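Under this note's numbering, the first residue of the sequence shown is numbered 38, with each subsequent residue one higher. Cβ coordinates follow ideal geometry from the N, Cα and C atoms, glycine included. On a predicted model such as this, the values are computed, not experimentally measured, just so you know.
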Amino acid sequence: MKLIAFFDRYFEETLAVLLFSAILLIGMEQVVTRYLLRSVHSWAEEMMRILFVTLSLVSFSLCAKRRQHVKVEVLQLA
Numbered sequence: 038m039k040l041i042a043f044f045d046r047y048f049e050e051t052l053a054v055l056l057f058s059a060i061l062l063i064g065m066e067q068v069v070t071r072y073l074l075r076s077v078h079s080w081a082e083e084m085m086r087i088l089f090v091t092l093s094l095v096s097f098s099l100c101a102k103r104r105q106h107v108k109v110e111v112l113q114l115a
């Protein structure tokens, strides 16, 4: 029972961190290989897009679990 409670508490946070880290690492690797090695991976852009959509869905789920709202501001009022 404790394992299930631990899994329920930390799964979404851990998954969000892993997805964000993967996006960051793939993006950095793409820049390095493009400018230093003069080669481009055909899968990197698509993989980053898929990971970003997955991260968005996990983040929305995490906000719902915490009873918070997602807020996107275009203009910041002073």
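Beta-carbon contacts of residue i that lie in its chain and below 7 Å, excluding the five residues immediately before and after
i   : result
R71 : V77
Selection from the options that minimises the alpha carbon distance to residue i
i   : options               : result
V90 : L73, I41 and L52      : L52
S93 : F44, L56, S79 and E66 : L56
Sequence-distant residues of its chain with Cβ nearer than 6 Å to residue i (five each side left out)
i    : result
F97  : none
L116 : With the chain covering 38 to 115 only, the question about residue 116 has no answer from this structure.
Distance between residue j and residue i (C-alpha atoms, nearest Å)
i    : j    : result
R75  : G64  : 15 Å
R46  : K102 : 10 Å
V107 : V68  : 30 Å
L40  : Q113 : 43 Å
E66  : W80  : 12 Å
Residue i beta carbon near the ligand ZN (any heavy atom closer than 6 Å)
i   : result
L56 : With respect to small molecules bound, the structure shown includes none, and the ligand ZN cannot be examined in it.
For the 8 Å Cβ check, are there 3 or more pairs between the segment 84-94 and the segment 50-68?
-> yes
Ordered list of beta strand (DSSP E) runs contained in the segment 55-107, each at least 3 residues | none
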